[in-house]
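*Asks:* Oh and the sequence shown: position 122 is 132 in the working numbering, straight run, nothing missing.
All residues carry an ideal CB built from backbone N, CA and C; glycine is no exception.
Can you keep this structure in mind? I'll have questions shortly.
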Amino acid sequence: MTDTLATRSGPPNNFSIDGFPEPPATLEAAREHAYSLPLAQIDVANPKLFHADVVGPYFERLRREDPVHYAESPTFGGYWSITRYNDIVAVETNHQQFSSDAALGGITISATSNTALPMFIAMDPPKHDVQRRAVQPIVMPTNLRNLEPLIRSRAAAILDDLPVGVEFDWVDKVSIELTAMTLATLMEFPQEQRRKLTRWSDVATAVPGGGIIDRPEQWVEEMTECFQTFQALWHERAAGPPGNDLISMLAHGAETRNMPAYEFQGNVVLLIVGGNDTTRNSITGSVLALNQNPDQYQKLRERPELVASMVSETIRWQTPLAHMRRTAVQDIEFGGKLIRKGDKVVMWYLSGNRDESVIERPNEYIIDRDRPRQHISFGYGIHRCVGNRLAELQLRIVWEEILKRFPVIDVVGKPERVYSTFVRGFRSLPVRIPRRH
Ligand code: HEM
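Laid out in structure tokens, this is it:
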């Protein structure tokens, strides 16, 4: 089979990292820059600001002075930034006027109507609803309860295998390992090939030149292999009895079994990115956040019952997907601005999660907040993350098992972040587990 989504649509991120301005070197410099620019020149859609982790002050100024902000990006064109928590909720709950449809450009700032992949996150009702329902059983409470012992035994084995007293990369050895194993289980994908899932999920959202792929053609080559592999799995599952895995659910679902191949392939990307990158980056983010806030790490050691609320606080803090985008389907007045039909509307979750009018002391990492699940990292409304409970479960288990074994995991170098305005994540995090005397 040569006709795959990759050859039909091409890469969704068909631009190079080189074209973006260099970011300020430090957070202090970014703050000075953010507050010295004329408002109209604030353009947060620069992957280098996220790679250097200095985008915060720009969002802060927008939240304060221009919460519904229009900017022209040289690469992505004109777009609106929605930066306050309650405005994001308002856009999310108005899917009649703010569409997710791939045909209009889908759910990321970088995609266009030609490149947005067809998947149910990039659909509006009613089609979105029936496809979402087809995969929902995977995250039902009974299924999560069944998965828990398996995830726990894997987490335990991964942690028991870690080297002590030497530096290693937490991303590779723990975050990727555990989440790739879980995803392979959800898809009944061969465990021994699970790193292919990680690679494909990295490539799917990669920007050429950003360290994962060099050229747009590489995206087509690698994703073609991904789609061909999953197409074969689809045929295999469709020929057998209905099973409990995501591919079988789509291949047998009354509303999905006749979906075109390219739509199935789009949904594969959704499930491998959704089920992989986000949780992986939250696991890494938890180690980093606890190291940057030693008082909170101490509190966690003293009160391990705080793990569940630490997990939610980490997901807020990390905000593993920095944004989702919508397209206005008609002219609409919003926050005192006129958003025109066809305009891109970008909801910056990373900014909503730092909105001081909704979240108390939002710039602090506090693992025993009163309402730790009050964050917008999983979105809101009809597209709210399907996998949120599964993500929380994996993080909770990994930390319960860490606390049984290691009093501390020390971050011993700088994290390497990814070049993306979408996935807020890490390539590596050097750590060391101290020897016990
Ligand atoms: C949707 C974040 C884990 C599968 C979403 C959305 C966000 C998100 C922001 C879009 C919400 C919206 O537009 O309102 C996250 C984060 C995770 C995570 C931060 C981990 C910490 C997972 C996992 C899975 C998953 C583990 C897979 C089992 C999905 C799917 C959708 C989705 C299928 C589309 C839902 C729809 O359109 O109806 N996620 N996710 N996610 N997520 Fe997650």
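Is Asn153 near the ligand HEM, going by C-beta to nearest heavy atom under 8 Å?
*Replies:* No, the ligand HEM has no heavy atom inside 8 Å of this Cβ.
*Asks:* Under 8 Å: do the region 154–166 and the region 295–309 share three or more Cβ pairs, one atom per stretch?
*Replies:* no
*Asks:* Residues in the same chain with beta-carbon distance under 7 Å from Gln201, minus the five sequence neighbours each way, listed in chain order, please.
*Replies:* Met191 and Ala194
*Asks:* Looking at Glu323: is its Cβ nearer than 9 Å to the Cβ of Pro382?
*Replies:* yes
*Asks:* Please determine whether the Cβ atom of Val145 lies at a distance below 8 Å from any heavy atom of the ligand HEM.
*Replies:* Using a cutoff of 8 Å, the CB of Val145 counts as near the ligand HEM, since one of the ligand's heavy atoms is closer than that.
*Asks:* Pick from Ala214, Met197 and Gly352: whose alpha carbon is nearest that of Asn254?
*Replies:* Met197
*Asks:* Measure the alpha-carbon distance for Arg247 versus Ala264 and round it to whole angstroms.
*Replies:* 14 Å
*Asks:* Go through its chain and collect everything with a Cβ distance to Gly362's Cβ below 6 Å, but skip five positions before and after it.
*Replies:* Answer for Gly362: Tyr95, Ile98 and Ile386, listed in chain order.
*Asks:* Apart from the five residues on each side of it in sequence, which residues of its chain come closer than 7 Å, Cβ to Cβ, to Phe344?
*Replies:* Val78
*Asks:* Keeping to the same chain, check which residues put their C-beta closer than 6 Å to that of Val278; ignore five residues upstream and five downstream.
*Replies:* Phe240
*Asks:* Find out if the Cβ-Cβ distance for the pair Arg290, Val421 is shorter than 9 Å.
*Replies:* no
*Asks:* Pair every Cβ in the region 336–343 with every Cβ in the region 100–112, then say whether three or more of these pairs are closer than 8 Å.
*Replies:* yes
*Asks:* For Arg209 and Pro218, which I take to be in contact (beta-carbon distance under 8 Å), what is that distance rounded to the nearest angstrom?
*Replies:* Their Cβ separation, rounded to whole angstroms, is 16 Å, which puts Arg209 and Pro218 out of contact at 8 Å.
*Asks:* Under three-state DSSP, which class holds Met357?
*Replies:* strand
*Asks:* Can you list, in chain order, the residues of its chain whose CB lies under 7 Å from that of Val283, leaving out five sequence neighbours each side?
*Replies:* Ser211, Ala214 and Thr215
*Asks:* Taking a contact to mean a Cβ-Cβ separation below 9 Å, would you say Pro270 touches His262 in this structure?
*Replies:* no
*Asks:* What would DSSP say about Gly352, mapped onto helix, strand or coil?
*Replies:* coil
*Asks:* Are the region 29–47 and the region 224–238 touching, with three or more C-beta to C-beta distances below 8 Å?
*Replies:* The region 29–47, when compared against the region 224–238, does not touch it at the 8 Å Cβ threshold.
*Asks:* Considering Gly276, what are the terminal residues of the alpha helix (DSSP H) in which it resides?
*Replies:* Ala271 to Ile282
*Asks:* Closer than 6 Å by C-beta to Pro67: which residues in its own chain qualify, once you throw out the five before and the five after it? Chain order, please.
*Replies:* Ala40, Arg41 and Ala44
*Asks:* Is it buried or exposed, Leu160, if we count other Cβ atoms within 10 angstroms and call 16 or more buried?
*Replies:* exposed
*Asks:* Of all the alpha helix (DSSP H) runs that stay within the bounds of the region 52–106, which reach a length of 4 or more residues?
*Replies:* With a minimum length of 4 residues, the continuous alpha helix (DSSP H) runs that stay inside the region 52–106 are 57–61, 66–75 and 95–102.
*Asks:* With distances taken between CB atoms, is the gap from Ile119 to Thr431 smaller than 9 Å?
*Replies:* yes
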